[in-house]
Amino acid sequence: MNRSGDGRTPAMDTAVLEIVRRRTESTRVEIARELGVTAATVTNSVKRLLAAGLLWESGHARSTGGKRATLLRVNDAARRALGCTIDHDRLSMVAVDTTGALQSRVVLPLVDAADPGEVSDSVREGLAALIPDDELGAMTGIGFAMGAHLPDEVDQALRALTAELDVRATRGREGTCAALGSFWSGEQTGTGLSGTVHLGSTTTLALLLDGVPFRPDSGQSLDHLRVDPEGPVCACGRRGCLHLYVAPDGVDELSRTALEATQGSATAQVDVLAAALPLTRVAANLAIALGLDTMVLAGTPVQAAPAIYLEAAQEHFGDESTTRVVVSQVQPHPCAVGAAVLALQAFLDTGGR
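Residue numbers (this note's numbering): 1292 to 1644.
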């Protein structure tokens, strides 16, 4: 797809593609009406997307008396995008198609997530498993959900690896990627303001407006949000910081406890609920303050014990809440899916080249 000198061209193409993806099928007239642009603008964008193989004409709409409109669909086999997230003990990678639908996934164990060599080797292994050599030309790039725990050496190793492989690389915050992964997996409605509280290397809040990050730096840490001025002293020097309550022994330990809770341990269930209640209290307050249509709870502990986090959320959101609460269950990892979406969007934003 050739780029023109008009910087709006890639943005328009991305908007058109997103509408068709969300609707499954659409016509040029419907797209123009939703975007509030002229039919000619949409026609030119559709021509570029058809030429690039990203859209295809799937038939005709029902006749309304005149010439039947042509239906458009996303060519889901046109491209593949990869997403990767690195936890302390494993690396999760996914491949999504042009619609953002999950095509394949792999989870690889890590002994030391801070070892640049081990992480690079695991990314190579995951890439080989997800994208055969004869399909590399259809790959748009790879997105990385960057956790706060990753040292600079790992980031540098990933940059060197993608440069060596000549693969376009995109980076995003964990929280933003978790939000996008949830949205594109269908857990959220297509419109409105949504928030995602993600328990990862830090506790973050990411905002999406109609499925788009509300700000480029969405996904800021909530770890040192003060929830109890008389609480325990944090390493930052303040008292009662949020992370001391939602994951007092770290997210990895909380995830293990959550698995034990799911397996029937009464003690673990009490411990996880004690961690979930302050998290959902903050989430409920944020939802009220920001007027959120949807609040998503995400992260490995949440996935391991969804019923407990939903129970905690119901206590704080209440029956009269106007905010829809979602406990994310995107597999194998919402951050990996969201990182792949970032890679796909970066490809589209550059005109599909």
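We treat Cβ as the ideally placed atom computed from N, Cα and C, and that holds for glycine.
Determine the burial state of residue i: buried for a count of at least 16 other Cβ atoms within 10 Å of its Cβ, exposed for fewer.
i	result
T1461	buried
P1592	buried
V1628	buried
D1304	buried
C1527	exposed
I1579	exposed
G1417	buried
Measuring alpha carbon to alpha carbon, tell me which of the options ends up nearest residue i.
i	options	result
P1569	E1316, C1375, T1494	T1494
Q1447	F1474, D1406, A1352	D1406
A1604	D1412, V1397, V1616, V1503	V1616
G1609	A1596, L1393, F1638, T1571	T1571
G1466	G1541, G1491, T1355, A1451	G1491
L1346	R1353, T1355, S1336	S1336
S1512	V1573, I1599, L1545	V1573
P1625	A1302, G1463, P1520	G1463
G1432	A1469, V1387, D1403, A1439	V1387
L1384	V1621, F1638, Q1636	Before going on, a small fix: residue 1384 reads as Met here, not Leu. Comparing Cα positions, the closest option is V1621.
G1477	T1390, G1327, A1565	T1390
L1373	M1437, G1531, L1484, A1630	A1630
L1581	V1542, T1614, E1316	T1614
Kindly list the residues whose CB is nearer than 8 Å to the CB of residue i, restricted to its own chain and excluding five residues on each side of it in sequence; keep chain order.
i	result
L1577	G1486, V1488, L1496, L1583, M1586
R1415	L1452
If I measure Cβ to Cβ from residue i and keep anything under 7 Å in the same chain, skipping five residues before and after, which residues do I get?
i	result
H1534	T1494, D1514
E1444	P1407
A1454	none
List the endpoints of the continuous alpha helix (DSSP H) containing residue i.
i	result
L1577	1557-1581
L1351	The question names Leu, but residue 1351 in the sequence shown is His. Looking at the DSSP string, H1351 is not in any alpha helix (DSSP H); the run it does join, the beta strand (DSSP E), is 1346-1351.
S1473	1465-1475
I1599	1597-1608
L1545	1542-1553
G1491	Per DSSP, G1491 belongs to no alpha helix (DSSP H) and is neither H nor E.
Enumerate in chain order the residues of its own chain whose CB-to-CB distance from residue i is below 6 Å, with the five nearest sequence positions on each side excluded.
i	result
G1502	F1474
I1322	V1307, I1310, V1333
Q1560	A1552
A1404	I1377, H1379
Need the endpoints of the beta strand (DSSP E) that residue i sits in, please.
i	result
C1532	Neither: C1532 is in no beta strand (DSSP E) and is coded neither H nor E.
C1375	1371-1377
With a threshold of 8 Å, are at least 3 pairs of Cβ atoms found where one atom belongs to the region 1390-1404 and the other to the region 1354-1363? no
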